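For the sequence shown, the tail end lands on 281 under our numbering, and the numbers increase by one without skipping.
The C-beta atom is built at its ideal place from N, Cα and C for all residues, glycine as well.
Quick caveat, the model's predicted, so the values are computed rather than measured.
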Amino acid sequence: MPILSLFYGLFCYLSFLASFFYLLAFVGDLGLARSVSVGPVGAAGPALAVDLGLVALFGIQHSLMARPAFKRAWQRFVPAHLERSTYVLLSSTALALLFLLWRPLAGEVWNVRQPLARLGIQAGFWAGAALVVTSTFMVSHWDLFGLRQVWANVRGTPYREAPFRLTAFYARVRHPLMLGFLVVFWAAPRMTVGHLVFTLAMTAYILVGTALEEGDLMRNLGSRYAAYRREVPRFFPLPWRRAGATAGREKQLGTGPRTPAPPPGPGGPSAP
């Protein structure tokens, strides 16, 4: 029934919100009893194996389910309008397992004690979080997390993917959403060994995930995306490039779909 699909989609979206905000608290050590740096510390070898396994589990789920071939096979069991919501829910579940089973590793890599420097790093953390959220609305937030798909089903209208448009941040870098996550992971006044393991593992996953996503985009958009990739850097904006240099390509690129996987909250990499 369409109304049940709507409630399911809303539940999956709420699971994303919960896991995303918990991720910020987990990585930022924001008062949780268990976080990336806080919790029982055991032997380093087993803890490292568990932690890397948890990141790998999330990465495999997040990237495998975002691939077009998997989506086609998956839709034999899950209705097309619920595919995205189910992906978001399972991504949230994989993150919840990581939060629950993560084993902190002892030792500090750095600890910035100067108050203004700490404040600046913390400001960077929240700026990265804001970039993540803002970027989702630039590629259609509601498509990204499955709500527009279930709403189209409720209304009985065909669903069409949001087009790939060069808007704001996407005219400066190809993956602003993932850039936001990189800032969140690295902007830590106190970096423990466990936090560094998490950050390095997630950075590696973002590099792999965005490469996979770009392969899909090249197949979908061909030379149009190849031109965009030549002109716009992957993560870090070039200060000497004019912001409007690629704006004229918005209409040209807009004929192909781009609905990246949700962030490494449940719903990223972009999907990776």
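- Item | The beta strand (DSSP E) enclosing R93, as first and last residue numbers | On the sequence shown, position 84 is the one that residue 93 refers to. Unbroken run through R93 is the alpha helix (DSSP H), 89-110; no beta strand (DSSP E).
- Task: Go ahead and label M10 buried or exposed: buried means 16 or more other beta carbons lie within 10 angstroms of its beta carbon, across all protein chains shown.
- Result: As a working note, residue 10 is residue 1 in the sequence shown. With fewer than 16 neighbouring CB atoms inside 10 Å of its own CB, M10 falls in the exposed class.
- Taking 8 Å as the cut-off, decide whether the C-beta atoms of F154 and F108 are in contact. Within the sequence shown, residue 154 is the residue found at index 145, counting from 1. Within the sequence shown, residue 108 is the residue found at index 99, counting from 1. Not closer than 8 Å, so no.
- Message: Once DSSP output is grouped into helix, strand and coil, what is the label at R164?
- Response: As a working note, residue 164 is residue 155 in the sequence shown. In the three-state reduction of the DSSP assignment, R164 falls in the helix class, which pools H, G and I.
- Task: Assuming V163 and I12 form a contact by the criterion Cβ under 8 Å, report the distance between their Cβ atoms to the nearest whole angstrom.
- Result: Walking along the sequence shown from the start, residue 163 turns up at place 154. Walking along the sequence shown from the start, residue 12 turns up at place 3. The pair is a contact, with the Cβ atoms about 7 Å apart (cut-off 8 Å).
- Task: Decide if the region 92-106 is in contact with the region 238-249; the criterion is three or more beta carbon pairs, one per stretch, under 8 Å apart.
- Result: At 8 Å Cβ cutoff, the stretches do not touch.
- Within its chain, find whatever has a CB closer than 8 Å to the CB of T255; leave out the 5 residues flanking it on each side and keep chain order. To locate residue 255, count along the sequence shown from 1; it is residue 246. Low local confidence applies: a pLDDT of 49 at T255 is under 50, so the model's placement there is unreliable, and no value is given.
- Message: Going by DSSP in three states, R238 sits in which element: helix, strand or coil?
- Response: Within the sequence shown, numbered from 1, the residue matching residue 238 stands at position 229. Looking at R238 - three-state DSSP - the assignment turns out to be helix.
- Message: Within 10 Å of its beta-carbon, does Q158 have 16 or more other beta-carbons around it, so buried, or fewer, so exposed?
- Response: Taking the sequence shown and counting its residues from 1, the one referred to as residue 158 is at position 149. Buried is the call here.
- Message: Within the continuous alpha helix (DSSP H) that includes T176, where are the two ends?
- Response: Along the sequence shown, one-based indexing puts residue 176 at 167. In the DSSP annotation of this structure, T176 is not part of any alpha helix (DSSP H), being labelled neither H nor E.
- Do you know offhand how far M147's Cα is from M211's? Here residue 147 refers to the residue found at position 138 of the sequence shown. Here residue 211 refers to the residue found at position 202 of the sequence shown. Rounded to whole angstroms, the gap between the alpha carbons of M147 and M211 is 23 Å.
- Under the rule that 16 or more other beta-carbon atoms within 10 Å means buried, what is G18, buried or exposed? Locating residue 18 in the sequence shown gives position 9, where the first residue counts as 1. Buried is the call here.
- Rounded to whole angstroms, what's the CA-CA distance from T268 to E222? Just pull it up for me. Start at 1 with the first residue of the sequence shown, and residue 268 comes out as number 259. Start at 1 with the first residue of the sequence shown, and residue 222 comes out as number 213. Confidence at T268 is low in this model, with a pLDDT of 46, below 50, so its placement is unreliable and the value that follows should be read with caution. Distance between the alpha carbons of T268 and E222 is about 10 Å.
- Throw me the rounded Cβ distance for the P113 and S46 pair, which I believe falls under 8 Å. What you label residue 113 is simply residue 104 of the sequence shown in a count that begins at 1. What you label residue 46 is simply residue 37 of the sequence shown in a count that begins at 1. At roughly 6 Å, the Cβ-Cβ gap stays under 8 Å, so P113 and S46 are in contact.
- Sub-8 Å separation of L226 and Y214 beta-carbons: For the purposes of this step, residue 226 is taken as the residue at position 217 of the sequence shown. For the purposes of this step, residue 214 is taken as the residue at position 205 of the sequence shown. No, these two residues do not count as a Cβ contact at 8 Å.
- Item | Bounding residues of the beta strand (DSSP E) (the contiguous stretch that carries V118) | Within the sequence shown, the letter at position 109 stands for residue 118. Start and end: 117-120.
- Query: Roughly how many angstroms separate the alpha carbons of V121 and P198, rounded to a whole number?
  - Reply: Within the sequence shown, the letter at position 112 stands for residue 121. Within the sequence shown, the letter at position 189 stands for residue 198. Spanning the two alpha carbons is a distance of roughly 5 Å.
- Query: Under the three-state reduction of DSSP, which class applies to F20: helix, strand or coil?
  - Reply: Position 11 of the sequence shown, counting from 1, holds the residue named residue 20. It is helical.
- Query: Where A196 and P167 are concerned, what is the direct C-alpha to C-alpha distance, given to the nearest angstrom?
  - Reply: As a position in the sequence shown, residue 196 is number 187, starting the count at 1. As a position in the sequence shown, residue 167 is number 158, starting the count at 1. A196 and P167 have their C-alpha atoms some 43 Å from each other.
- Between V50 and L191, what straight-line distance do the alpha-carbon atoms span, to the nearest angstrom? For the purposes of this step, residue 50 is taken as residue 41 along the sequence shown, with counting starting at 1. For the purposes of this step, residue 191 is taken as residue 182 along the sequence shown, with counting starting at 1. Looking at the backbone, the Cα of V50 and that of L191 are separated by about 26 Å.
- Closest residue to W160 among H184, H90, P185 (Cα-Cα distance): For the purposes of this step, residue 160 is taken as residue 151 along the sequence shown, with counting starting at 1. Per the C-alpha coordinates, the member of H184, H90, P185 positioned closest to W160 is H90.
- In this structure, does DSSP put M74 in helix, strand or coil? Within the sequence shown, residue 74 is the residue found at index 65, counting from 1. DSSP places M74 in coil when its eight states are reduced to three.
- Task: Look at S101 and H71 and say whether their C-beta atoms are less than 8 Å apart.
- Result: Numbered from 1 along the sequence shown, position 92 holds the residue referred to as residue 101. Numbered from 1 along the sequence shown, position 62 holds the residue referred to as residue 71. Cβ atoms of S101 and H71: not closer than 8 Å.
- Task: Out of V206, V217, R228, point me to the one whose CA is closest to A56's CA.
- Result: Position 47 of the sequence shown holds residue 56. For A56, the nearest C-alpha among the options comes from V206.
- Task: Write down the C-beta distance between W111 and L39 rounded to the nearest angstrom, noting that I regard them as a contact closer than 8 Å.
- Result: Residue numbering aside, residue 111 sits at position 102 when the sequence shown is read from its first letter. Residue numbering aside, residue 39 sits at position 30 when the sequence shown is read from its first letter. Rounded, the Cβ-Cβ distance is 15 Å, inconsistent with contact.
- Alpha carbon to alpha carbon, what distance is there between R85 and M187? Taking the sequence shown and counting its residues from 1, one reaches residue 187 at position 178. Taking the sequence shown and counting its residues from 1, one reaches residue 85 at position 76. Straight-line Cα distance between these residues: approximately 31 Å.
- Query: Going by Cα to Cα distance, which pick from P185, H204, A103 is closest to S24?
  - Reply: Indexing the sequence shown from 1 puts residue 24 at position 15. Nearest C-alpha to S24: A103.
- Item | Residue range of the unbroken alpha helix (DSSP H) whose run includes M211 | Here the question's residue 211 lines up with position 202 in the sequence shown. 202-230 is the extent of the alpha helix (DSSP H) around M211.
- Message: Distance check for P172 and R76, CA to CA, integer angstroms please.
- Response: Here the question's residue 76 lines up with position 67 in the sequence shown. Here the question's residue 172 lines up with position 163 in the sequence shown. Cα-Cα distance, rounded: 18 Å.
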